[in-house]
Amino acid sequence: SQGSKYFVREPCRSCALHIGAMDSTVRATPSSSTAFLAGQAPAPLPPSLRGVAPTRSGLLLPSAPEERIGAGSSSAGWASWAATAGAAAAGLACASTAQRRRGGASTRLQPALAVAVMEQEQAIAAASEPRRSTPTPDLLLRVARGESCDRTPVWLMRQAGRYMKTFRKYSERYPFRQRSETPEIAVELSLQCWRRYGMDAVIFFSDILTPLPAMGIEFDIIRGRGPLVLGDLARMLEDRLTGPNAIREVMNSDDFLTSHSFIRETLQTLRKETEGQCTLLGFVGAPWTLAAYSVEGGSTKDAEKFRKWMYEKPAVVEEFLRRVTASIAEYAVFQVQSGAQCIQIFDSWAHCQTPDEWRKWAAPQVKTIAATLRARCPGVPIFYFANGGSSYLKLQAEELAGVVDVLSIDQGCRMSDAVKACEGSGLILQGNVDPFVLKFGSEVQIRDAVRRVIDEAGGPGKHIMNLGHGVMQGTPEENVLFLVEEAQIYV
Numbered sequence: 023s024q025g026s027k028y029f030v031r032e033p034c035r036s037c038a039l040h041i042g043a044m045d046s047t048v049r050a051t052p053s054s055s056t057a058f059l060a061g062q063a064p065a066p067l068p069p070s071l072r073g074v075a076p077t078r079s080g081l082l083l084p085s086a087p088e089e090r091i092g093a094g095s096s097s098a099g100w101a102s103w104a105a106t107a108g109a110a111a112a113g114l115a116c117a118s119t120a121q122r123r124r125g126g127a128s129t130r131l132q133p134a135l136a137v138a139v140m141e142q143e144q145a146i147a148a149a150s151e152p153r154r155s156t157p158t159p160d161l162l163l164r165v166a167r168g169e170s171c172d173r174t175p176v177w178l179m180r181q182a183g184r185y186m187k188t189f190r191k192y193s194e195r196y197p198f199r200q201r202s203e204t205p206e207i208a209v210e211l212s213l214q215c216w217r218r219y220g221m222d223a224v225i226f227f228s229d230i231l232t233p234l235p236a237m238g239i240e241f242d243i244i245r246g247r248g249p250l251v252l253g254d255l256a257r258m259l260e261d262r263l264t265g266p267n268a269i270r271e272v273m274n275s276d277d278f279l280t281s282h283s284f285i286r287e288t289l290q291t292l293r294k295e296t297e298g299q300c301t302l303l304g305f306v307g308a309p310w311t312l313a314a315y316s317v318e319g320g321s322t323k324d325a326e327k328f329r330k331w332m333y334e335k336p337a338v339v340e341e342f343l344r345r346v347t348a349s350i351a352e353y354a355v356f357q358v359q360s361g362a363q364c365i366q367i368f369d370s371w372a373h374c375q376t377p378d379e380w381r382k383w384a385a386p387q388v389k390t391i392a393a394t395l396r397a398r399c400p401g402v403p404i405f406y407f408a409n410g411g412s413s414y415l416k417l418q419a420e421e422l423a424g425v426v427d428v429l430s431i432d433q434g435c436r437m438s439d440a441v442k443a444c445e446g447s448g449l450i451l452q453g454n455v456d457p458f459v460l461k462f463g464s465e466v467q468i469r470d471a472v473r474r475v476i477d478e479a480g481g482p483g484k485h486i487m488n489l490g491h492g493v494m495q496g497t498p499e500e501n502v503l504f505l506v507e508e509a510q511i512y513v
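Here it is, written out as structure tokens:
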């Protein structure tokens, strides 16, 4: 872009499309910056947007401080710049939507100027938000490895979520995959709750479905609807195991550098931000859950379509699960290589299985992933959570003793009963305050629930405090503080 003060250092990292290939889409938008991205000569820009320098990730920012704020007062100048940048971002969002409708591969067209506004918002928010630090930085790692400590570590599933006002500023502006696959945004969303509450761990913002495109299975997450997995595998699963469009098996963790470099960047950045301050958690979806999600095409109550395949064509399901398991094992290794200090395996649809189905179709895959991690990432604690699996908790303990380090318990049983079911297994337990208590309970009720669970687990420092499932949307932010604080001060 010779002669222009606006440029982008690199094409969109989320797809193979060169930015110039989007010209017919972008030309439909009035924004000068989007027109430039399409390779057109940009129209004259307002003074507040003249002079742009790339950030380290190729995003656009005004190059000089005086040009960032414009003439006059800094607040007025910034407001003018942000308003214009917001219009440009809206144009890019329209381009992204149109590109997807035309069948483009990208679901994460990065809106450069919008992220510039985001970075400024982060700086403003960081200066004003209340903060808590993690009392003992390595406590969670020590407990997960079986050490007896004098305090109970705490983190929460879905701790980075829409219950937080600062999180909603992003979720209401950017689609899920754009948030989770843009490292700058994913890092910020991962850290917001930790800065505010001081949990003992940060879990990086992503989704269990994120690795599927590396296998040739495309998905999106639609606001108000949830995940949508493409490919009609309910009908085509057997056909997709052969031929040029066959579901792929990722053979090496380094292969994810090609398809998922944003995960490497997000985790490396988070490790730098949290080093010596708390534990960094990675996570993967359990193979049975991911396979069921893929065949069902989205959320389901009972995984009927996938279970039909299990009984009518078990060999097809076995081969599909083998490929998913091998790929997810490599994905878990990739996360550890990128900076994750622990890995949690989420079997989110375990409630769809009977105990016998879980033993046959789910447990062997978890064992394979754990064995791969043990061999290639020794010393990394492995967590396992079977949502709804408390009905066969003793079976879990029998199958996973010596396989994983931490067994997460849902709210379907008392922690005292979980301790009895897992007695002698050597497993560290995690959980299991009811998310509804967190959402609707008073401060006294929440703190009482925390103390009861800690006492039933054997006392402070004997287990990892968490919920029985994720933080629910609409949970008051102060309630999360009550839970985290009580876990950290109860001795």
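Under my numbering, the residues of the sequence shown are numbered 23 to 513, in order.
Where a beta carbon is used, it is the ideal one built from N, C-alpha and C, also for glycine.
- Per DSSP, reduced to three states, the secondary structure at VAL513 is coil, with no helix or strand assignment.
- Note that the stretch 219-231 touches the stretch 297-304; at least 3 beta-carbon pairs, one per stretch, sit closer than 8 Å.
- Here GLY411 carries a helix assignment [DSSP, helix/strand/coil].
- Excluding its 5 nearest sequence neighbours in each direction, THR288 has C-beta neighbours in its own chain below 7 Å: PRO205, ALA208, VAL209 and PHE226, listed in chain order.
- DSSP, reduced to helix, strand and coil, places GLN495 outside both helices and strands of the structure shown, so it counts as coil.
- By the neighbour-count definition (other C-beta atoms within 10 Å, threshold 16), SER212 is a buried residue.
- Counting only runs of at least 4 residues, the stretch 165-228 fully encloses the following alpha helix (DSSP H) elements, listed from N- to C-terminal order: 187-193, 198-203 and 205-219.
- Look at the beta carbons and you see the stretch 447-460 touching the stretch 468-481: at least three pairs across the two are nearer than 8 Å.
- At a Cβ-Cβ threshold of 8 Å, ARG173 and GLN510 count as neighbours.
- By the neighbour-count criterion, in which a residue is buried when 16 or more other Cβ atoms sit within 10 angstroms of its Cβ, ASP427 is buried.
- About 14 Å separates the CB atoms of TYR512 and ILE486; that is not less than 8 Å, and the two are not in contact.
- Under DSSP, the beta-bridge partners assigned to PHE241 are VAL251.
- Between the C-alpha atoms of GLY446 and CYS300 there is a straight-line separation of about 29 Å.
- Annotated three-state conformation of LEU259 is coil, per DSSP.
- Beta-bridge annotation (DSSP): ASN501 is not paired with any residue.
- DSSP, read as helix, strand or coil, puts SER430 in strand.
- Assignment of THR264 by DSSP, reduced to helix, strand and coil, places it in the coil class.
- In terms of CA proximity to ALA313, LEU234 leads the group LEU234, GLY434, ILE404 and PRO159.
- In this structure, the alpha-carbon of GLY448 lies about 13 Å from that of ALA479.
- Across the set SER412, GLY248 and ARG344, the C-alpha of SER412 shows the shortest separation from the C-alpha of PRO377.
- Taken through DSSP and simplified to helix, strand or coil, ALA423 comes out as strand.
- As DSSP reads the structure, GLY307 sits in a beta bridge with PHE368.
- Counting C-beta pairs closer than 8 Å gives three or more between the stretch 345-356 and the stretch 381-392, which meets the contact rule.
- By the neighbour-count criterion, in which 16 or more other beta carbons inside 10 Å mark a residue as buried, ILE244 falls on the exposed side.
- Pairing THR291 with ALA443, the inter-Cα distance amounts to about 39 Å.
- Restricted to the stretch 453-490, the beta strand (DSSP E) segments that are unbroken, complete and at least 3 residues in length are 486-489, listed in chain order.
- In the DSSP assignment, GLY320 is bridged to LEU250.
- For the pair VAL506 and ALA397, the Cα-to-Cα distance works out to about 34 Å.
- Around the CB of GLU203, 16 or more other CB atoms lie within 10 Å, so the residue is classed as buried.
- Beta-carbon to beta-carbon, GLY248 and ILE269 are separated by about 22 Å, too far to satisfy the 8 Å threshold.
- ARG153 has its alpha-carbon roughly 34 Å from the corresponding atom of ALA308.
- Pairwise C-beta distances place the stretch 213-223 in contact with the stretch 177-193, as three or more of them are shorter than 8 Å.
- Cβ neighbours of GLY361 within its own chain (closer than 7 Å, five residues either side excluded): LEU289, GLN290, LEU292, ARG293 and LEU302.
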